[in-house]
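1 is the number of the first residue of the sequence shown in our numbering; add one for each residue after it.
Structure, as structure tokens:
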Amino acid sequence: MPDSPLLIADHDAVRLITVHRPDKLNALNAATLDALHAAFDAAAADDSVRAVVLTGTGPKAFVAGADIAEMAGLTPVQARDFSLRGQRMMRRVEKMPKPVIAMINGFALGGGLELAMCCHLRIAADSVKVGQPEINLGLIPGFGGTQRLLRLAGRAAVLELCLAGAPVDAARAQQLGIINRVVSAAELEAETMALAAQLAAAAPLALRGILDCVNVGAECSLEEALEYESAQFGLVFSTDDMREGTRAFLERRKPAFRGH
């Protein structure tokens with residue numbers, strides 16, 4: 001659709017989803033949240049897609065935040081519903097059975113950082129800034145920022161970013177554990193797509209098992225998480241990909257994984 005807030009393109013087995021609201025610095029309004037939810041549902045259901053890259057249009061912003069113009073007029077009940085809407089979408093991304101990489105090409109502030117954090121991996125240009133500046137508007141993060149920052153970077157970092165409300169540069173964000181890799185802006189797309197292609201060539205069921213183990217393990221005791229890991233480890237032994245991978249290793253050749 002020409003008025004869609006997203007651009008979607010496939011590069012072999014990698015789906016590139018771009019938030020496309022350049023006049024709003026790709027800010028997240030309700031329609032964009034819904035479009036993202038639908039796009040990730042479609043990517044999850046499409047067997048030809050093995051990895052997803054998420055980014056924003058233009059060099060200035062990945063996603064500059066939630067759409068303040070839309071939020072300003074909300075009632076308390078509507079604001080709670082808007083928060084839940086965003087949280088459901090981001091939880092959908094987090095629970096994707098396929099790896100999702102945030103390609104952070106510009107500002108990732110507020111809802112933009114929350115969107116990046118729900119992705120499995122984050123690669124940023126060295127020029128970007130990220131942060132949770134909601135305190136400066138008399139607000140708090142509403143799309144999971146306090147909780148994902150806590151889990152990614154720890155108590156000290158989440159309090160620093162959320163209480164002070166000041167953005168940090170990419171190098172500091174990597175130091176805190178928020179960003180996985182920092183590269184030059186000129187190399188960002190090539191580096192991200194190369195990693196996505198690498199993941200897309202890996203064994204899909206093993207990838208899914210790893211993602212499931214991390215998601216489950218983050219929310220339960222160590223004993224329960226270890227039992228879950230053992231169950232998933234045993235399960236992948238039923239796959240053709242496991243047999244192909246071990247056979248290829250013994251035969252000293254590159255495996256060809258098919259997702260079976």
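Ideal placement from N, C-alpha and C gives every residue a C-beta, glycine not left out.
Since the structure is predicted, the reported quantities are computational estimates derived from the model, not experimental observations.
{"Asked": "Give the range of the beta strand (DSSP E) segment to which Leu-16 is assigned.", "Found": "14–19"}
{"Asked": "Counting C-beta neighbours from all protein chains within 10 Å, is the total for Lys-95 16 or more, i.e. buried, or is it exposed?", "Found": "exposed"}
{"Asked": "How big is the Cα-Cα spacing for Glu-160 and Ala-39?", "Found": "33 angstroms"}
{"Asked": "Would DSSP call Val-77 helix, strand or coil?", "Found": "helix"}
{"Asked": "Distance check for Leu-113 and Gly-154, CA to CA, integer angstroms please.", "Found": "16 angstroms"}
{"Asked": "Exposed or buried, what is Thr-192 when buried is set at 16 or more other beta-carbons lying within 10 Å of its beta-carbon?", "Found": "buried"}
{"Asked": "Can you tell me whether Phe-233 is buried or exposed, with buried defined as 16 or more other CB within 10 angstroms of its CB?", "Found": "exposed"}
{"Asked": "Sorted by chain position, which residues of the same chain lie with C-beta nearer than 8 angstroms to Met-1's C-beta, five sequence neighbours on each side aside?", "Found": "Confidence in Met-1 is poor, its pLDDT being 48 and thus under 50, which makes the residue's placement too unreliable to answer from."}
{"Asked": "Alpha carbons only, please: which of Asp-3, Arg-151, Gln-198 is nearest the one belonging to His-11?", "Found": "Gln-198"}
{"Asked": "Based on DSSP bridge pairs, tell me the residues matched to Lys-129.", "Found": "Asp-169"}
{"Asked": "Pick helix, strand or coil for Leu-7, following the three-state DSSP scheme.", "Found": "strand"}
{"Asked": "Taking the CB atoms as reference points, tell me whether Asn-105 and Phe-62 lie closer together than 8 angstroms.", "Found": "yes"}
{"Asked": "Touch check for the region 157–172 and the region 125–141: three-plus C-beta pairs under 8 angstroms?", "Found": "yes"}
{"Asked": "According to DSSP, is Ile-101 part of a helix, a strand, or is it coil?", "Found": "strand"}
{"Asked": "Might you give, ordered along the chain, the residues of its own chain that have their beta carbon closer than 6 angstroms to the beta carbon of Leu-36, omitting 5 neighbours on each side?", "Found": "Met-89"}
{"Asked": "Using the C-alpha atoms, what's the distance from Ala-102 back to Ser-184?", "Found": "15 angstroms"}
{"Asked": "Just the C-alpha distance for Met-242 and Ala-231, rounded to the nearest angstrom, thanks.", "Found": "15 angstroms"}
{"Asked": "How far does the alpha helix (DSSP H) with Leu-113 in it reach, from first residue to last?", "Found": "111–118"}
{"Asked": "For a minimum of 4 consecutive residues, which ranges assigned as the alpha helix (DSSP H) are wholly contained in the region 192–257?", "Found": "204–217, 222–236, 240–250"}
{"Asked": "Cβ atoms of Ala-200 and Val-53: under 8 angstroms apart, would you say?", "Found": "no"}
{"Asked": "Report back the beta-carbon spacing between Gly-259 and Pro-204 to the nearest angstrom; my notes put them in contact at under 8 angstroms.", "Found": "4 angstroms"}
{"Asked": "What residues in its chain sit with their C-beta under 6 angstroms from that of Leu-25, if we drop five residues either side in the sequence?", "Found": "Ala-61, Ala-64"}
{"Asked": "Assign Asn-136 to one of two classes, buried (16 or more other C-beta atoms within 10 Å of its C-beta) or exposed (fewer than that).", "Found": "exposed"}
{"Asked": "My guess is that Gly-86 and Gly-111 are in contact by the Cβ rule of under 8 angstroms, so how many angstroms apart are they, rounded?", "Found": "7 angstroms"}
{"Asked": "Among residues of its own chain, excluding the 5 on either side of Cys-213, which ones have a beta-carbon nearer than 7 angstroms to its beta-carbon?", "Found": "Tyr-228, Glu-229, Gln-232"}
{"Asked": "With C-beta atoms as the reference, is Lys-98 less than 8 angstroms away from Ala-171?", "Found": "no"}
{"Asked": "Report yes if the CB atom of Ile-179 is closer than 8 angstroms to the CB atom of Arg-122, and no otherwise.", "Found": "yes"}
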